[in-house]
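Asks:
Numbering (the working numbering), first residue to last: 70 to 436.
#1: The beta strand (DSSP E) spanning residue 354 covers which residue range?
#2: From what residue to what residue does the alpha helix (DSSP H) around residue 334 run?
#3: Less than 8 Å between the CB atoms is what I'm expecting for residue 352 and residue 283, so what's the real figure, rounded?
#4: Would the C-beta of residue 409 count as close to the ligand NAD, meaning under 7 Å from any of its heavy atoms?
#5: Could you check whether the Cβ of residue 408 sits closer than 8 Å to any Cβ belonging to chain D?
#6: What are the residues that DSSP puts in a beta bridge with residue 226?
#7: Under the assumption that residue 228 contacts residue 204 (Cβ atoms under 8 Å), give the Cβ distance between them as a whole number of angstroms.
#8: Could you tell me which uninterrupted alpha helix (DSSP H) segments, each at least 4 residues in length, are contained entirely in the region 112-175, listed from first to last along the chain?
#9: Rounded to a whole number of angstroms, what is the C-alpha to C-alpha distance between residue 387 and residue 424?
#10: Tell me which residues share the same chain as residue 393 and place their Cβ nearer than 7 Å to its Cβ, disregarding the 5 neighbours each side in the sequence.
#11: Leaving out the 5 sequence neighbours to the left and right, which residues in its chain are closer than 7 Å to residue 411 when beta-carbon positions are compared?
#12: Given this structure, state the Cα-to-Cα distance separating residue 436 from residue 219, to the nearest angstrom.
#13: Roughly how many angstroms separate the alpha carbons of residue 118 and residue 301, rounded to a whole number?
#14: Spatial neighbours of residue 304 within its chain, please: CB distance less than 7 Å, with the 5 preceding and 5 following residues excluded, ordered by chain position.
#15: Can the beta-carbon of residue 350 be found less than 8 Å from the beta-carbon of residue 339?
#16: Using the Cβ count rule (16 or more neighbours within 10 Å means buried), how would you classify residue 427?
#17: Going straight from the alpha carbon of residue 222 to that of residue 347, what length do you get?
#18: Drop a sphere of 10 angstroms on the beta-carbon of residue 325, count the other beta-carbons inside from all chains shown, and report buried for 16 or more, exposed for fewer.
#19: Can you name the start and end residues of the beta strand (DSSP E) that residue 403 belongs to?
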């Protein structure tokens, strides 16, 4: 009897420190206190990484500048940025997005399915959030970073959420209540007065912002160069050539379709333009694509004499820097005769090479 008691005492003494260790490390469930403390701590970290929009929105706005007062600011002159969508498998990120979605006035649209019966709260929430997407640019070098300006480089979007209001000009996102999370078909119900919130893409609940790290920023400007017709200029590995091209009126033809028009209005009426000034850009690097910028000559388009854009960008894996090249073209004067012959042409261009790293912008940086 004494021997059995001694064995039990030794076993209890051995297990006591192990139990204490598991309790302190959060590996034993005691009502979730240790894990809840860990989760709350992680949520505060997540909260410092993302900026929450003031109003519900469904557009990811990747590549847009961020205004403290107005939020995403779109530039119609900037080309569309290719984006990629990935599912989030982070419980901390899902909890953060779910809480922000509720706070913004959204409601989950996927009702608990039969398989969820008996599951605890966290698992139910995760099943509802199967549609949580992380949206980022395919090439972050495509984001038109400018010094001191924050830009949106990531968006968290809840697919299975609905936004609605009681006003007549409402827009509501619906997903079937019996649908499986992540596989539901969304439809947009648009009121007669205005388009107010959703395009069927869900609810964007947070953005991640980045800006240029000015300590790493380097810039090389070629300076202004004169663009003469039918002549070539070579600067920093780029050959720039300008020419004039026309088609016969009534010939049922149009200018080449691969042109990049200097302004949106010229692009909209490109089929009716019969003469244009073309600025061709060809790189000495065979890996880079050629580009032709077009300025309308006839009919002439007002306020279409300037063009500025990033024409090449990449990530240097050795330096972790974004390397890009921008061009600015200004047509000072361009006229043609009644017979569509060049009469006056005066234009300038400059090439700028930049390299820089980016750094995250925290919410408290915007206060």
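C-beta: ideal position from N, C-alpha, C; glycine also. In this text the structure is predicted, and so the values were computed from the model without any measurement.
Replies: This is what the structure gives:
#1: The sequence position of residue 354 within the chain shown is 285, counting from 1. Per DSSP, residue 354 lies in no beta strand (DSSP E) segment and is marked neither H nor E.
#2: Within the chain shown, residue 334 is the residue found at index 265, counting from 1. Residue 334 -> alpha helix (DSSP H) spans 333-337.
#3: Within the chain shown, residue 352 is the residue found at index 283, counting from 1. Within the chain shown, residue 283 is the residue found at index 214, counting from 1. Not quite, the Cβ-Cβ distance comes to about 28 Å (not below 8 Å), so this is no contact.
#4: What this structure holds is no ligand at all, so the ligand NAD is not there to describe.
#5: Note that chain D does not occur in the displayed structure, where there is just one protein chain.
#6: For the purposes of this step, residue 226 is identified with residue 157 of the chain shown, where counting begins at 1. In the DSSP output, where bridge partners are listed per residue, residue 226 has 202, 273.
#7: Within the chain shown, residue 228 is the residue found at index 159, counting from 1. Within the chain shown, residue 204 is the residue found at index 135, counting from 1. About 11 Å separates the two Cβ atoms, so there is no contact after all.
#8: List check, alpha helix (DSSP H) in window: 160-172.
#9: On the chain shown, residue 387 is found 318 positions in, with the first residue counted as 1. On the chain shown, residue 424 is found 355 positions in, with the first residue counted as 1. Approximately 13 Å between the Cα atoms of the pair.
#10: Stepping through the chain shown from its first residue, residue 393 is reached at position 324. Listed in chain order, the non-local C-beta contacts of residue 393 below 7 Å within the same chain comprise 210, 379, 381, 382, 423, local neighbours out to five positions each way being set aside.
#11: Residue mapping note: residue 411 aligns to position 342 of the chain shown, counting from 1. Closer than 7 Å at Cβ, skipping near neighbours: 298, 313, 405.
#12: On the chain shown, residue 436 is found 367 positions in, with the first residue counted as 1. On the chain shown, residue 219 is found 150 positions in, with the first residue counted as 1. Each residue's Cα considered, the two are about 13 Å apart.
#13: The residue given as residue 118 occupies position 49 in the chain shown. The residue given as residue 301 occupies position 232 in the chain shown. Roughly 48 Å between the two C-alpha positions.
#14: The sequence position of residue 304 within the chain shown is 235, counting from 1. The answer, listed in chain order, is 291, 294, 420.
#15: Start at 1 with the first residue of the chain shown, and residue 350 comes out as number 281. Start at 1 with the first residue of the chain shown, and residue 339 comes out as number 270. The answer is no: Cβ separation not under 8 Å.
#16: As a working note, residue 427 is residue 358 in the chain shown. Buried is the call here.
#17: Your numbering for residue 222 matches position 153 in the chain shown. Your numbering for residue 347 matches position 278 in the chain shown. Their backbone Cα atoms lie some 33 Å apart in a straight line.
#18: Within the chain shown, residue 325 is the residue found at index 256, counting from 1. Label assigned to residue 325: exposed.
#19: Within the chain shown, residue 403 is the residue found at index 334, counting from 1. Note, residue 403: beta strand (DSSP E), 390-405.
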